[in-house]
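A.B. asks:
There are 2 protein chains.
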Amino acid sequence: MVSAAPERRHELLATAAEVFAAQGYNATTVRRIADAAGILAGSLYYHFDSKESMLDEILTGFLDELWGRYDAVLAAGLGPRETIEALVTESFREIDRHRAAVAIYQKESRQLREQPRFGYLDDSQQRFERAWLRTLERGVAAGVFRADLDVRLTYRFVRDTVWVAASWYRPGGQHSPEEIARQYLSMVLEGVALRTRHERRDTNPVTRTP
Amino acid sequence: MVSAAPERRHELLATAAEVFAAQGYNATTVRRIADAAGILAGSLYYHFDSKESMLDEILTGFLDELWGRYDAVLAAGLGPRETIEALVTESFREIDRHRAAVAIYQKESRQLREQPRFGYLDDSQQRFERAWLRTLERGVAAGVFRADLDVRLTYRFVRDTVWVAASWYRPGGQHSPEEIARQYLSMVLEGVALRTRHERRDTNPVTRTP
DNA sequence: TAACCTACCAAACACTTGTTAGGGAAGGAG
DNA sequence: CTCCTTCCCTAACAAGTGTTTGGTAGGTTA
Chain A
219 MVSAAPERRH
229 ELLATAAEVF
239 AAQGYNATTV
249 RRIADAAGIL
259 AGSLYYHFDS
269 KESMLDEILT
279 GFLDELWGRY
289 DAVLAAGLGP
299 RETIEALVTE
309 SFREIDRHRA
319 AVAIYQKESR
329 QLREQPRFGY
339 LDDSQQRFER
349 AWLRTLERGV
359 AAGVFRADLD
369 VRLTYRFVRD
379 TVWVAASWYR
389 PGGQHSPEEI
399 ARQYLSMVLE
409 GVALRTRHER
419 RDTNPVTRTP
Chain B
219 MVSAAPERRH
229 ELLATAAEVF
239 AAQGYNATTV
249 RRIADAAGIL
259 AGSLYYHFDS
269 KESMLDEILT
279 GFLDELWGRY
289 DAVLAAGLGP
299 RETIEALVTE
309 SFREIDRHRA
319 AVAIYQKESR
329 QLREQPRFGY
339 LDDSQQRFER
349 AWLRTLERGV
359 AAGVFRADLD
369 VRLTYRFVRD
379 TVWVAASWYR
389 PGGQHSPEEI
399 ARQYLSMVLE
409 GVALRTRHER
419 RDTNPVTRTP
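Sequence order for the protein chains is A and B. Heads up: the first sequence begins at 219 in my numbering, then just goes up one per residue. Heads up: the second sequence begins at 219 in my numbering, then just goes up one per residue.
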């Protein structure tokens, strides 16, 4: 294993992520990854010291980038509705960029979480939950979101609707990430039922808690 | 392997489903299943002829029951909105009853679909998609659902939001399946954004295509 | 030229995997 | 009692698993 020459590492990680996402982590053999990369299984161990560390590197790379964008949104001081819109849009952009990593995270994180090595998945999920819950509660208090819904249920609802998209989304499809985000947000916020009369909606909260 | 005495089979399938759901199918060893059942690995092969056939039986059992309920709903001649509501409610009831099987289906069906043995997963998914798409289009034509949304995107949206609930739902929690279905439907249909003024909504479509 | 580094191969290692074969204990049926 | 069925155990098998070790072709540096 070597630390320099990060380009080849990156290539191999990309193909590994692709195979992991398609077959599942446990069902993927290192020989299968090596095949996809055009080398032999043992050669992978020149670059990485275990199959698990490949997975680790894929997930941390994804989460680091995601949190970079999330933190920027959360620090921007937007209103609740705008924060949700920005978070969802960033999420779909992340699915567009790191589809394989997102699919792996979606599929394996629940089991990996129990291993100490992947404890950061738990931390990330809790930060994630706090950020969303706080935003939703802020929106309820400001009168932007409905108060008659279980906030935690709403959180899971919004979170899941966003991330499961990684299971069917294919980059280069007919809809851009931004367009998908727009339609998803429209469904989540306004609902799929038709309004009897089109209604004005102000983006500024009616009341504001300081 | 024996065909009679279906009670023990059923017990073993239930524990197998639980382990499959928790660890993933490929990551689950037959020894792990046997441990959970309190017997040894080889003894499982008195009841079943392979690990794969256990999975098969779990999934077909789940799908058969699900389609029994779905067909009843689809044959009831309900309006589009009521059909969606009934389908979603039945889905959450199914998650309540067969949580493990649903979780397995959710996690493994995409990979299993490619094997000929599990081709029925494809058929089921296509029936599923047709039923939902038809109902949504019927609703759009009747003026019950919004016409400005991509119907296929809406379908995936509704489908995913329902079934991913299997990944966090635990029977005996504080919300009943019906209550979760009610809140989910409220979010999907009306949206999480607050209406500026509460609006009357008639359950009967404004216009009706015969 | 000589020494060195990078990226790989070839071959094996210890271990786990799903599965099978043969046997045996318990209990009901005749 | 004997026979038979049910349900499980013991012990092993072959194939596949992640990983290691030693070697080597080709380029770069001195």
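Just so you know, even glycine gets a beta-carbon here, dropped at the ideal spot from N, CA and C.
So, is residue 294 (chain A) buried or exposed, given that buried needs 16 or more other C-beta atoms within 10 angstroms?
C.D. replies: exposed
A.B. asks: With 8 Å set as the bound, which would you pick, yes or no: does the beta-carbon of residue 386 (chain B) sit closer than that to a beta-carbon of chain A?
C.D. replies: Chain A has a Cβ within less than 8 Å of the Cβ of residue 386 (chain B).
A.B. asks: Please report the straight-line C-alpha distance between residue 231 (chain B) and residue 330 (chain A), rounded to a whole angstrom.
C.D. replies: Here the alpha carbons of residue 330 (chain A) and residue 231 (chain B) stand approximately 25 Å from one another.
A.B. asks: What number of angstroms, rounded off, separates the C-alpha of residue 213 (chain A) from the C-alpha of residue 324 (chain A)?
C.D. replies: Because chain A in this structure spans residues 219 to 428, residue 213 (chain A) falls outside the shown range and cannot be described.
A.B. asks: When the cut-off is 8 Å and only beta carbons count, does residue 306 (chain B) lie next to chain A?
C.D. replies: no
A.B. asks: Secondary structure at residue 411 (chain B), three-state DSSP: helix, strand or coil?
C.D. replies: strand
A.B. asks: For a cutoff of 8 Å on Cβ pairs, would you count residue 345 (chain B) as touching chain A?
C.D. replies: Output row for residue 345 (chain B): interface = no.
A.B. asks: Using beta-carbon positions only, say whether residue 380 (chain A) and residue 291 (chain A) come within less than 8 Å of one another.
C.D. replies: no
A.B. asks: Which chain B residues are close to residue 185 (chain A), counting only those with a beta carbon under 9 Å from its beta carbon?
C.D. replies: This structure gives no information on residue 185 (chain A), because the portion of chain A shown stretches from 219 to 428.
A.B. asks: Do residue 321 (chain A) and residue 384 (chain A) count as a contact pair if the criterion is CB distance below 8 Å?
C.D. replies: Closer than 8 Å, so yes.
A.B. asks: Compute the Euclidean distance between the alpha carbons of residue 401 (chain B) and residue 368 (chain A), then round it to the nearest angstrom.
C.D. replies: 8 Å
A.B. asks: Output yes if chain B places a C-beta closer than 8 Å to the C-beta of residue 410 (chain A); else output no.
C.D. replies: yes
A.B. asks: What does DSSP give as the partner residue(s) for residue 280 (chain A) in the beta ladder?
C.D. replies: Paired residues: none, contrary to the question.
A.B. asks: Going by DSSP, what residue range makes up the alpha helix (DSSP H) through residue 366 (chain B)?
C.D. replies: Taken as a continuous stretch (DSSP letters only), residue 366 (chain B) belongs to no alpha helix (DSSP H), as it is neither H nor E.
A.B. asks: Cα separation between residue 337 (chain B) and residue 274 (chain B)?
C.D. replies: 11 Å
A.B. asks: On the DSSP letters alone, give me the boundaries of the alpha helix (DSSP H) that residue 306 (chain A) sits inside.
C.D. replies: 298 to 315
A.B. asks: Hey, out of A:302, A:298 and A:244, whose CA is closest to residue 272 (chain A)'s CA?
C.D. replies: A:244
A.B. asks: Taking residue 367 (chain B) as the query, report the chain A residues whose CB atoms sit under 9 Å from its CB, ordered along the chain.
C.D. replies: 401, 404, 405 and 410
A.B. asks: Run down chain B in chain order and give the residues with a C-beta less than 7 Å from the C-beta of residue 293 (chain A).
C.D. replies: The contacting residues do not exist; residue 293 (chain A) stays about 24 Å from chain B at best.
A.B. asks: Let me know the secondary structure DSSP gives residue 417 (chain A) once reduced to three states.
C.D. replies: Any reading at residue 417 (chain A) needs caution, since the residue's pLDDT is 45, under 50, leaving its predicted position unreliable; the model's value is listed next. In this structure, residue 417 (chain A) counts as coil in the three-state DSSP scheme.
A.B. asks: Using a 10 Å radius around the Cβ and a threshold of 16 neighbouring Cβ atoms, would you call residue 246 (chain B) buried or exposed?
C.D. replies: buried
A.B. asks: Closest Cβ-Cβ distance between residue 363 (chain B) and chain A: below 8 Å?
C.D. replies: Output row for residue 363 (chain B): interface = yes.
A.B. asks: Out of curiosity, what's the CA-to-CA distance linking residue 237 (chain B) and residue 263 (chain B)?
C.D. replies: 17 Å
A.B. asks: With a Cβ-Cβ cutoff of 8 Å, do residue 284 (chain B) and residue 312 (chain B) count as a contact?
C.D. replies: Closer than 8 Å, so yes.
A.B. asks: Can you pull the chain A neighbours of residue 329 (chain B), defined as C-beta to C-beta under 9 Å?
C.D. replies: 240, 241, 242 and 245
A.B. asks: So, is the C-beta of residue 379 (chain B) closer than 8 Å to a C-beta in chain A?
C.D. replies: Under the 8 Å criterion on CB atoms, residue 379 (chain B) is classed as interfacial with respect to chain A.
A.B. asks: I want to verify the contact list: residues of chain B whose CB lies under 8 Å from the CB of residue 374 (chain A), in sequence order.
C.D. replies: 383 and 386
A.B. asks: Can you tell me where the alpha helix (DSSP H) with residue 233 (chain A) in it begins and where it stops?
C.D. replies: 224 to 241
A.B. asks: Below 8 Å on the Cβ atoms is my guess for residue 410 (chain B) versus residue 372 (chain A); work out the distance and round it to an integer in Å.
C.D. replies: 6 Å
A.B. asks: Between residue 296 (chain A) and chain B, is any beta-carbon pair separated by less than 8 Å?
C.D. replies: no
A.B. asks: For residue 412 (chain B), which of A:366, A:399, A:386 and A:394 has the nearest alpha-carbon?
C.D. replies: A:366
A.B. asks: Closer than 8 Å, CB to CB, is residue 227 (chain A) near chain B or not?
C.D. replies: Residue 227 (chain A) does not count as touching chain B.
A.B. asks: Distance cutoff 8 Å, beta carbons only. Does residue 371 (chain A) sit that close to anything in chain B?
C.D. replies: Put simply, the CB of residue 371 (chain A) is near chain B, with a gap under 8 Å to one of its CB atoms.
A.B. asks: Does the Cβ-Cβ distance between residue 177 (chain B) and residue 298 (chain B) come in under 8 Å?
C.D. replies: Nothing about residue 177 (chain B) can be reported from this structure: the residues present for chain B run from 219 to 428 only.
A.B. asks: Go ahead and pull the three-state DSSP assignment for residue 454 (chain B).
C.D. replies: Shown here, chain B extends from 219 to 428; a query on residue 454 (chain B) therefore has no answer.
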